[in-house]
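> In the working numbering, the protein residues as written are 470 to 648. Just so you know, even glycine gets a beta-carbon here, dropped at the ideal spot from N, CA and C. The following block contains the structure, expressed as structure tokens.
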Amino acid sequence: MTIPIYYSDKLLEFEGKFPDTPKRLTAILQYLKKSGLKYKIVRPKAATKKDLERVHTPMYLNEIKKYKRIKMYFPDEPVDEKTYRVAALSAGAAIGAAEYAVKKKRFAFALTRPKGNHAGRDFFGGYSYINNMAVAVAKLLAEKKVKRPLIVDIDAHFCNGTNNIFLNDERVYLTSMHQ
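Have a look at this one:
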């Protein structure tokens, strides 16, 4: 079986700081090449405005877009002209992998950055600007492709952004394994 991996070199353009640097993705790609695993790279499309607004407020998304003109650094959180574009592409990769998995009932993987689990409806943090998994799950729910999705978040920290987005949505199960 060949596993589709939704990935684009454009995801390496985001500046990011430790631990979310381009090296995180290039190391995974190098490992995959050596592993013997059968996979194919699928180039994702960026998530649409409609996809993003299912989980993030329009005002929040406009704030991230606004940083196209200036470069700002919040504590360890770079926000610049590439942030919105690359984060939307990352969310599109999550959508592509999720749609493939649901349609084919087979495993798919989204190799993304910046990550998204700490981005809430109207805030960013933890190297997360757009909540990739939440965008994918919300799209599947809206299109009635899933009824009761389970999100399993494995990270050093609690998935505060994903929790913020789905806290009052009884259709979504969320579990977090963290330190």
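1) Would you tell me roughly how many angstroms separate the C-alpha atoms of Leu530 and Lys616, rounded to the nearest one?
2) Between which two residues does the beta strand (DSSP E) harbouring Ile497 extend?
3) My assumption, with CB atoms under 8 Å, is that Ala570 sits in contact with Phe576. Please give the rounded CB distance.
4) The beta strand (DSSP E) that contains Lys535, what's its start and end?
5) Could you check how far apart the C-beta atoms of Tyr596 and Asp489 are, in whole angstroms? I think they sit under 8 Å.
6) Sorted by chain position, which residues of the same chain lie with C-beta nearer than 8 Å to Tyr598's C-beta, five sequence neighbours on each side aside?
7) From what residue to what residue does the alpha helix (DSSP H) around Ser645 run?
8) According to DSSP, is Asp622 part of a helix, a strand, or is it coil?
9) Counting only the same chain and skipping the five closest in sequence on each side, list residues whose C-beta sits under 6 Å from that of Ile474.
10) Look at the Cβ atom of Glu602, then the Cβ atom of Ile623, and state whether they are nearer than 8 Å.
11) Please determine, among Leu521, Thr471, Pro527, Tyr536, the residue with the shortest C-alpha to C-alpha distance to Ile564.
12) In whole angstroms, give me the CA-to-CA distance for Phe635 and Pro513.
13) Could you please give me the residues that DSSP links to Tyr596 through a beta bridge?
14) Please state the DSSP three-state secondary structure of Tyr571.
15) Taking the alpha-carbon positions, what's the Ser477 to Gly561 distance?
16) Report yes if the C-beta distance between Ala607 and Arg523 is below 8 Å; otherwise report no.
Put simply:
1) For the purposes of this step, residue 530 is taken as residue 61 along the sequence shown, with counting starting at 1. For the purposes of this step, residue 616 is taken as residue 147 along the sequence shown, with counting starting at 1. The straight-line gap from Cα to Cα measures roughly 27 Å.
2) For the purposes of this step, residue 497 is taken as residue 28 along the sequence shown, with counting starting at 1. Unbroken run through Ile497 is the alpha helix (DSSP H), 491-504; no beta strand (DSSP E).
3) Within the sequence shown, numbered from 1, the residue matching residue 570 stands at position 101. Within the sequence shown, numbered from 1, the residue matching residue 576 stands at position 107. Correct: roughly 7 Å between the Cβ atoms.
4) The count along the sequence shown starts at 1 and reaches residue 535 at position 66. Counting along the chain, Lys535 falls outside any beta strand (DSSP E), though it belongs to the alpha helix (DSSP H) covering 527-535.
5) The sequence position of residue 596 within the sequence shown is 127, counting from 1. The sequence position of residue 489 within the sequence shown is 20, counting from 1. Their Cβ separation, rounded to whole angstroms, is 4 Å, which keeps Tyr596 and Asp489 in contact under 8 Å.
6) For the purposes of this step, residue 598 is taken as the residue at position 129 of the sequence shown. Result list for Tyr598: Ile533, Val548, Thr552, Tyr553, Ala556, Pro583, Gly585, Ala588, in chain order.
7) The residue given as residue 645 occupies position 176 in the sequence shown. Premise fails: Ser645 lies in the beta strand (DSSP E), 642-646, not in any alpha helix (DSSP H).
8) Within the sequence shown, the letter at position 153 stands for residue 622. When secondary structure is reduced to three states using DSSP, Asp622 falls in the strand class.
9) For the purposes of this step, residue 474 is taken as the residue at position 5 of the sequence shown. If we look at Ile474 and ignore the five residues flanking it on each side, its Cβ neighbours are Tyr508, Ile510, Phe578, Leu580.
10) Locating residue 602 in the sequence shown gives position 133, counting from the first residue. Locating residue 623 in the sequence shown gives position 154, counting from the first residue. Glu is not the amino acid found at residue 602; the sequence shown has Met there. Met602 is not a Cβ neighbour of Ile623, given a cutoff of 8 Å.
11) By one-based count along the sequence shown, residue 564 stands at place 95. Checked all of Leu521, Thr471, Pro527, Tyr536; the closest Cα to Ile564 is Leu521.
12) Here residue 635 corresponds to residue number 166 of the sequence shown, with the count starting at 1. Here residue 513 corresponds to residue number 44 of the sequence shown, with the count starting at 1. Between the C-alpha atoms of Phe635 and Pro513 there is a straight-line separation of about 25 Å.
13) On the sequence shown, residue 596 is found 127 positions in, with the first residue counted as 1. Tyr596 pairs with nothing; no bridge assigned.
14) As a first step, residue 571 must be located in the sequence shown, where it is residue number 102. For the sequence presented, residue 571 should be read as Val rather than Tyr. Helix at Val571.
15) As a first step, residue 477 is located in the sequence shown; it is residue number 8 there, counting from the start. As a first step, residue 561 is located in the sequence shown; it is residue number 92 there, counting from the start. About 10 Å.
16) One-based indexing of the sequence shown puts residue 607 at position 138. One-based indexing of the sequence shown puts residue 523 at position 54. Contact: yes.
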